[in-house]
Amino acid sequence: MRKFAKTHEWYEDLGGGKVKIGISKHAAHELSDVVFVELPEVGKKLADKQSLCVLESVKAVADAYSPAGTVVEVNAKLKDQAGLVNQDPEGAGWIAIVQLDNPKALDEYLTEQEYLKTIEAH
Amino acid sequence: MRETFCLKWDREHGAKLVDFHGWNMPVSYAKGILAEHEATRASAGLFNISHMGRLRISGPQAYKFCQYAFTNDLSKVNIGSALYGFLLNDKGGIIDDVIVYKEANDRFLWIINAGGRETDVEHLRRLSAGKDLRMDVLSDETALLALQGPQADAVLKRLVKDADLDKVPYFGFGRGTVQGKAAFIMATGYTGEDGYELMVDVKDAPAIWELLVSQPEVNPCGLGARDSLRLEAGLPLHGNDIDETTQPYEAGLGWAVKMDKEGGFFGREALNPSTGSGQAKPSRKLIGLTLEGQNIPRSHYKVVSEGKEAGEVTSGVFSPTLKKGIALAYVQTEFLDKPLAIDIRGKAVPAAVTKPPWVRHVTKAKAK
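One line per chain: the protein sequences are A and B, in this order.
Just add 254 to the spot in the first sequence (first one is 1) and you have my numbering.
No gaps in the numbering here: position 135 of the second sequence is 128 in my numbering, and each next residue is one more.
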């Protein structure tokens, strides 16, 4: 199941405390034209809600955040095809897989429905 | 928020809208900034820039007054041509950068920035108190469209049958009709491409917009592409690169200030009280910087040199043409011959000094 953060990331529970992370369609649309993704190193330890990576678009720069954990895999395709974040943000444009320090960390995040409501509110 | 004639069309065409100086304007349409930028460089882009201000100054003392209020020298320009220059405050700071079109010896059209739409007019009214002239604000009754790119000329020639656009040089203007509607046609722009800016009656604007945007070469563009295009062309943006606290010389724009013109101009004394000349070395300079790799400078990032703070980025963007980060930045003059870097999230990324423009394709006959 996917959870969403108010900061516009999605977290897909892969089991065993691993989560796949990307940014929401809404965030990708708002950011538009992502040209570089500054991917984290595999093995990087992240404190809770620390920046996982930086997304650079033509006009703006944004961070994607993660719960506490360790980066175990990154989407290397983004090195050459940052545009995948725009084309398919909730699929092929995923950013990284993180092994969570606390497997229950996703409990505090929003369901997709709850998340979509927070966007509508704006 | 204020609206232009185009807002309904914008909403129907996937515009991402932003507040720009109080105006509800598209930052891009459905295809996005990159596609719009590239389409303008490759073919033609159409921009609604009706948020900018338009003002006509006419009458017996119009010429003398315009000369006094404006830093460039209108005595050097023929009827049918325009000049870029500044409105300065009494400190020599740039209230606005403007283009003044000489329609007649006693009639001048001023195109001013959106942010100066009211304040510039107030400044001009104060300066002109008691003078024998008229000031007609045309900003609400007209619309302003920019058609820019290598195909802009061919497109407009197809639509304007009653004016010889080949006789309109870069920074010149003429009059014609589009679909039977009068248009003031200016060969100016803000993209580094050939092209035109059209001032039309606001009532005619929706139909002219529809006609232009339906031409196969033409792509609608928002302010995002306008910004990346102008930055590649090395053109300053008032409010970012120049403002009331910056003077033309430090911004590298001294060429549009004529210190010695007859009668002087408002703000002249402040430009350099020590020598009476605007040519003396300023303490900082606006320069172009280019970054290698996946590094994009943004406004307010610090410029550093060997660990010391050397300046600040005022405009930065990913250049879609060069596929590199480019920036305009103020750098203290003592660092100009030293290695420079831009601090991006704590990392000093080496920056090469580049004399703007990065991209300029203006080819129209008699181009300056």
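All residues carry an ideal CB built from backbone N, CA and C; glycine is no exception.
Contact set for residue i: own chain, Cβ-Cβ below 6 Å, skip 5 residues either direction
| i | result |
| --- | --- |
| V20 of chain B | K9, V11, G215, L216, G217 |
| E327 of chain A | I351 |
| D197 of chain B | K174 |
| L282 of chain B | A320, A322, A344 |
| F40 of chain B | A139, C214, R219 |
| A200 of chain B | none |
| D129 of chain B | R49 |
| E(-4) of chain B | N17 |
| Y77 of chain B | I92, A249 |
| F258 of chain B | Y61, T64 |
| I235 of chain B | I87, P229, A244 |
8 Å contact criterion, which residue i and residue j should meet: CB distance rounded
| i | j | result |
| --- | --- | --- |
| V339 of chain A | V273 of chain A | Contact doesn't hold; Cβ gap of about 17 Å is too wide. |
| P321 of chain A | L293 of chain A | In fact, because the Cβ distance is near 18 Å, the residues do not count as touching under 8 Å. |
| V193 of chain B | A176 of chain B | 5 Å |
| V346 of chain B | E225 of chain B | Wrong, their Cβ atoms sit about 16 Å apart, outside the cutoff. |
| P357 of chain A | G271 of chain A | 4 Å |
| P275 of chain B | E243 of chain B | 4 Å |
| R277 of chain B | T326 of chain B | 6 Å |
| L222 of chain B | T184 of chain B | 4 Å |
| W16 of chain B | H44 of chain B | 4 Å |
| V91 of chain B | I104 of chain B | 6 Å |
| G309 of chain B | I289 of chain B | 7 Å |
| A318 of chain A | L332 of chain A | At roughly 11 Å, the Cβ-Cβ gap does not stay under 8 Å, so A318 of chain A and L332 of chain A are not in contact. |
| K298 of chain A | V325 of chain A | 5 Å |
Continuous beta strand (DSSP E) stretch holding residue i: start and end
| i | result |
| --- | --- |
| T112 of chain B | Where T112 of chain B is concerned, there is no enclosing beta strand (DSSP E), although the alpha helix (DSSP H) it sits in stretches over 112 to 120. |
| V289 of chain A | 288 to 292 |
| V310 of chain B | 301 to 312 |
| F13 of chain B | 9 to 13 |
| W351 of chain B | Segment: none, W351 of chain B is in no beta strand (DSSP E) and carries neither H nor E. |
| K295 of chain B | 295 to 298 |
| E263 of chain A | 263 to 269 |
| Q304 of chain A | 304 to 311 |
| A28 of chain B | Unbroken run through A28 of chain B is the alpha helix (DSSP H), 26 to 35; no beta strand (DSSP E). |
Buried or exposed by the 16-neighbour rule on C-beta atoms within 10 Å, applied to residue i
| i | result |
| --- | --- |
| S267 of chain B | Low confidence applies here, because S267 of chain B scores a pLDDT of 49, under 50, leaving its location unreliable; read the following figure in that light. S267 of chain B is exposed by the Cβ-count criterion. |
| I118 of chain B | Here residue 118 of chain B turns out to be Arg, not Ile, going by the sequence shown. Label assigned to R118 of chain B: exposed. |
| L81 of chain B | buried |
| G86 of chain B | buried |
| Q240 of chain B | buried |
| R151 of chain B | exposed |
| Q367 of chain A | exposed |
| S207 of chain B | exposed |
| Q172 of chain B | exposed |
| E263 of chain A | buried |
| G123 of chain B | exposed |
| T420 of chain A | As shown, chain A starts at 255 and ends at 376. That puts residue 420 of chain A outside it, with no answer to give. |
| D146 of chain B | buried |
| G339 of chain B | exposed |
| P209 of chain B | exposed |
| H293 of chain B | exposed |
| P349 of chain B | buried |
Residues near residue i in its chain [Cβ-Cβ closer than 8 Å; skip 5 each side]
| i | result |
| --- | --- |
| S68 of chain B | Q60, K254, E255 |
| S311 of chain A | L285, S286, D287, V288, V289 |
| F182 of chain B | It is Gly, not Phe, that sits at residue 182 of chain B in the sequence shown. Taken in chain order, the residues that qualify are A139, Q141, G188, Y189, E190. |
| D133 of chain B | V195 |
| T33 of chain B | Q141, G142, T184, E186, N212, C214, A218, L222 |
| A35 of chain B | G142, P143 |
Limits of the alpha helix (DSSP H) - the one that residue i falls within
| i | result |
| --- | --- |
| K150 of chain B | 145 to 152 |
| K412 of chain A | The question about residue 412 of chain A has no answer, for chain A in this structure spans 255 to 376. |
| G217 of chain B | 216 to 225 |
| F58 of chain B | 55 to 62 |
| L205 of chain B | 198 to 206 |
| K69 of chain B | Run containing K69 of chain B: none; DSSP gives neither H nor E here. |
| L360 of chain A | Counting along the chain, L360 of chain A falls outside any alpha helix (DSSP H), and DSSP gives it neither H nor E. |
| A330 of chain A | A330 of chain A -> no alpha helix (DSSP H), and no H or E assigned at all. |
| W348 of chain A | Neither: W348 of chain A is in no alpha helix (DSSP H) and is coded neither H nor E. |
| N340 of chain A | 338 to 341 |
Residues of its chain near residue i, where Cβ-Cβ distance is below 7 Å and the 5 sequence neighbours each way are ignored
| i | result |
| --- | --- |
| S51 of chain B | D99, R100, L126, R127 |
| S270 of chain B | With a pLDDT of only 48 at S270 of chain B, under the threshold of 50, the placement of this residue in the model should not be trusted, and no figure is reported. |
| L149 of chain B | L140, L158, Y189 |
| F164 of chain B | S74, A75, A180, T181, K361 |
| V113 of chain B | Before going further, note that residue 113 of chain B is Asp rather than Val in the sequence given. Around D113 of chain B: G46, L80, I88, D89, I105. |
| D66 of chain B | K251, K254 |
| F258 of chain A | W264, S278, Y363, L364, E366, Y369 |
| G7 of chain B | Y22, A23 |
| A55 of chain B | D99, R100, F101, L126 |
heavy atom of the ligand NAP below 7 Å from residue i C-beta
| i | result |
| --- | --- |
| Q60 of chain B | The ligand NAP is not part of this structure, which contains no ligands at all. |
Taking contact to mean 3 or more Cβ pairs, one atom from each stretch, closer than 8 Å, check whether the region 366 to 376 of chain A and the region 187 to 195 of chain B are in contact.
At 8 Å Cβ cutoff, the stretches do not touch.
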